[in-house]
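Enquirer:
There are 2 protein chains.
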Amino acid sequence: MSKLTSLYDRSRVPLYIQVASVMRQRIDTGFWMEGDKISTLEELEREFSVARVTIRQAIELLREEGLLDAQQGRGTFVSGKPKHNRWLNLATDFESMVASIRENVLKRIQIDENAAMPDLAEGEGKAAPEGYTFLRSVQYNNNEPFSVVNLYLAQHIFEKGREIFSHVAALPKIAEMDDVSIAHAHQTVTIGVASPETADLLRIGLGEPTADCRLVLVDSDGVAIYVADIHYHKNCFALRMDLLEKTGPRGGRKANGRR
Amino acid sequence: MSKLTSLYDRSRVPLYIQVASVMRQRIDTGFWMEGDKISTLEELEREFSVARVTIRQAIELLREEGLLDAQQGRGTFVSGKPKHNRWLNLATDFESMVASIRENVLKRIQIDENAAMPDLAEGEGKAAPEGYTFLRSVQYNNNEPFSVVNLYLAQHIFEKGREIFSHVAALPKIAEMDDVSIAHAHQTVTIGVASPETADLLRIGLGEPTADCRLVLVDSDGVAIYVADIHYHKNCFALRMDLLEKTGPRGGRKANGRR
DNA sequence: CTCAATTTGTTCGTATGTATG
DNA sequence: ACATACATACGAACAAATTGA
């Protein structure tokens, strides 16, 4: 009870869902392997400090997902792993980002030519004087949506390929334009929550976490020509990076440590 | 009603909390600015397709957080912004990662010398034959926890500085060891959920989202000497990277595009 | 000052969900 | 499976405060 209230103060999500989240994670990470018999109800009751019925609700949830199989008199067994989507491996440099986007299937769902200005943070360049066109699209993989892209494209860029931008991803096209210079390109990844529109498009619940990626291209005049807010489904997001890319291997028998 | 059930099917988080999440985000992103009068209850009812009382519960939640101020007869106003923690800007190369970790305050809370092997994925090197020591620590900033580090340190590395590793961050110490070579170092970022221990240490709810970072160092023999699973509080996590770091500016009047 | 429109605040009844023991 | 308590959500009606005509 005391534990319940303290947990409730922190999250307000129904307890059995919290419990189910943790158990799902255990299966996912292999802490409970497929075929294993998991702890008994009594052990779980004690571990989570909740009532038996609450544990059973959590198990029922995972049973519906096909992850658990409770058998009277025997125990509860792991009957499957949550399917990971993790298709995406977010690129960490321009070339590979363009390459990966080029392969994507996307559906353009909205275009507003006279859009409001995107609000640019420090270091994201200055706004294009001719204004922006707003483009929204959804990216699919195996017929399932995995990201929503909200893009502000500088008007003078958009006009170079009004037709093309309506149907294909903008970034590769921009990369191909010889008369467009890109002085800076950076992305910032954070964790956000799904707005009603995003939730709808990604088919997730309102307020569920998403991986939010802001991608900004700045031209040689310091103008932000491409400002994208991308919301990735959390299960489709992974970002792997090599930390020694620039410097190469370090240390070893003979200290080559600069510093 | 139909919308309710469909949302409920997707998330099962209480509706008023979902609504509050979205409204909090709107304040955070500046869609609703401080001092603004936000939409009326009736408009919000329609927008979210929920009952008046549900909207009021969401507003009450944000009122308690100091973000909204509802005034009878006048409207509801934005009275503050959610405090951003966002201290962290995760490093994307080895040098700066070592430097940033060096500055952190950490509390070592657990050490197990004969720990189970970490399960290594493809490309993460092979396990150290002498086994690993498990170290768990919490990193603080302004007295608030922002990350939990679960580290498997190869036994032969741990023994080089048993005392030191008990009190300070391991990574900078390893970087200083001239007789330790690091052939590969990479990290993978995903979105995870808080386990009971992590939730407790970060003071968040069970199953709440976290930014999970796996950091692996592999020595020149292909042995994983440092395997860390780091769970960041979602509000303390931001990862900014320059996409043109390697190639420099591209395009412009005269196409200099290599390929 | 009064009136009407607008907007938040409160309450009732009902149904279902969550959690305990 | 049951009894109990409380939380969540709906819809609707009414009350109270503010504003401007």
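Line by line, the protein sequences give chains V and B. Position 147 of the first sequence, counted from 1, bears residue number 147 in the numbering used here, the numbering being contiguous throughout. Position 80 of the second sequence, counted from 1, bears residue number 1080 in the numbering used here, the numbering being contiguous throughout. Glycine included, C-beta positions come from ideal geometry on N, C-alpha and C.
1) Compare the Cα-Cα distances from V:R203 to each of V:V148, V:K173, V:K160 and report the closest residue.
2) Taking the beta carbon of B:H1084 as the centre, do at least 16 other beta carbons fall within 10 Å, making it buried, or is it exposed?
3) Which same chain residues, not among the five before or five after B:L1067, have their C-beta less than 6 angstroms away from its C-beta?
4) Under the assumption that V:A224 contacts V:A115 (Cβ atoms under 8 angstroms), give the Cβ distance between them as a whole number of angstroms.
5) Comparing the C-beta of B:N1235 with each C-beta of chain V, is any distance below 9 angstroms?
6) If you measure between the beta carbons of V:H231 and V:T198, is that distance less than 9 angstroms?
7) DSSP on B:F1165, reduced to helix/strand/coil?
8) Would you check whether the ligand NAP has a heavy atom nearer than 8 angstroms to the C-beta of B:S1049?
9) From which residue to which residue does the beta strand (DSSP E) around B:H1233 run?
10) Quick one: is V:V19 near chain B, going by C-beta distance under 9 angstroms?
11) Can you list the residues of chain B that V:T190 reaches, using a CB-CB cut of under 7 angstroms?
12) Counting only beta-carbon separations shorter than 9 angstroms, does V:F94 have a partner in chain B?
13) What ranges does the beta strand (DSSP E) occupy inside the region 1082-1133 of chain B, keeping only unbroken runs of at least 3 residues that lie completely in it?
14) Give the straight-line distance between the Cα atoms of V:L106 and B:E1045, rounded to the nearest whole angstrom.
15) Quick one: is B:L1036 near chain V, going by C-beta distance under 9 angstroms?
16) Assess contact between the region 230-245 of chain V and the region 84-96 of chain V, defined as three or more Cβ pairs (one per stretch) separated by less than 8 angstroms. Is contact present?
17) Should V:A99 and V:Y152 be called a contact, given that it needs their Cβ atoms to be closer than 9 angstroms?
18) Would B:I1191 and B:D1212 be called neighbours here (beta carbons separated by less than 9 angstroms)?
19) Look at the alpha carbon of V:L243 and the alpha carbon of B:Q1187, and state the distance between them as a whole number of angstroms.
20) Taking B:E1144 as the reference, give the member of B:F1134, B:P1129, B:D1200 with the closest Cα.
21) Is V:S11 helix, strand or coil by DSSP?
22) Say whether chain B places a C-beta atom closer than 9 angstroms to the C-beta of V:V193.
23) I'd like to know whether the C-beta of V:S220 is nearer than 9 angstroms to at least one C-beta of chain B.
24) Compute the Euclidean distance between the alpha carbons of V:I55 and V:G123, then round it to the nearest angstrom.
25) Quick one, which of V:T40, V:R10, V:E103, V:V168 has its alpha-carbon nearest V:Q72's?
26) Sort V:F158, V:F165, V:E64 by Cα distance to V:I109 and report the nearest one.
27) For B:V1013, would you say it is in contact with chain V, using Cβ-to-Cβ distances shorter than 9 angstroms as the test?
28) Sorted by chain position, which residues of the same chain lie with C-beta nearer than 6 angstroms to V:L217's C-beta, five sequence neighbours on each side aside?
29) Does DSSP put B:A1183 in a helix, a strand or coil?
30) Entirely within the region 49-86 of chain V and at least 4 residues each: give me those alpha helix (DSSP H) ranges in chain order.
31) What does the alpha-carbon distance come out to for the pair V:R162 and V:E176?
32) For the alpha helix (DSSP H) containing B:T1198, list its first residue and its last residue.
33) Using Cβ-Cβ distances below 8 angstroms, what residues of the region 240-251 of chain V are close to chain B?
34) Which value, in whole angstroms, describes the spacing of the CA atoms of B:G1131 and B:G1222?
35) Going by C-alpha distance, which of B:R1010, B:L1061, B:E1047 is nearest V:R12?
36) Since V:V53 contacts V:V19 with CB under 8 angstroms, what's their CB separation in whole angstroms?
Expert: On the basis of the coordinates in this document:
1) V:V148
2) exposed
3) A distance below 6 angstroms between beta-carbons, with the five flanking residues on each side excluded, links B:L1067 to the following residues of its chain, in chain order: I1027, G1080.
4) That belief does not hold up - the Cβ atoms of V:A224 and V:A115 are roughly 13 angstroms apart, past 8 angstroms.
5) yes
6) Contact flag set, yes.
7) In the three-state DSSP reduction, B:F1165 falls in the helix class (H, G or I).
8) Absence of the ligand NAP is noted for the structure shown, with no ligands found whatsoever.
9) 1224-1233
10) yes
11) F1237, A1238
12) V:F94 counts as touching chain B.
13) 1105-1115
14) 32 angstroms
15) Before going on, a small fix: residue 1036 of chain B reads as Asp here, not Leu. It does not; no Cβ of chain V falls within 9 angstroms.
16) yes
17) no
18) yes
19) For V:L243 and B:Q1187, the distance between alpha carbons rounds to 7 angstroms.
20) B:D1200
21) helix
22) yes
23) yes
24) 49 angstroms
25) V:T40
26) V:F165
27) yes
28) I182, A185, I225, Y226
29) coil
30) 52-64
31) 15 angstroms
32) From DSSP, the alpha helix (DSSP H) with B:T1198 extends over 1196-1202.
33) Going along the region 240-251 of chain V in chain order, one finds R240, M241, D242, L243, L244, E245, K246, T247, P249, R250, G251 with a Cβ nearer than 8 angstroms to chain B.
34) Looking at the two C-alpha atoms, the distance is approximately 15 angstroms.
35) B:L1061
36) Wrong, their Cβ atoms sit about 11 angstroms apart, outside the cutoff.
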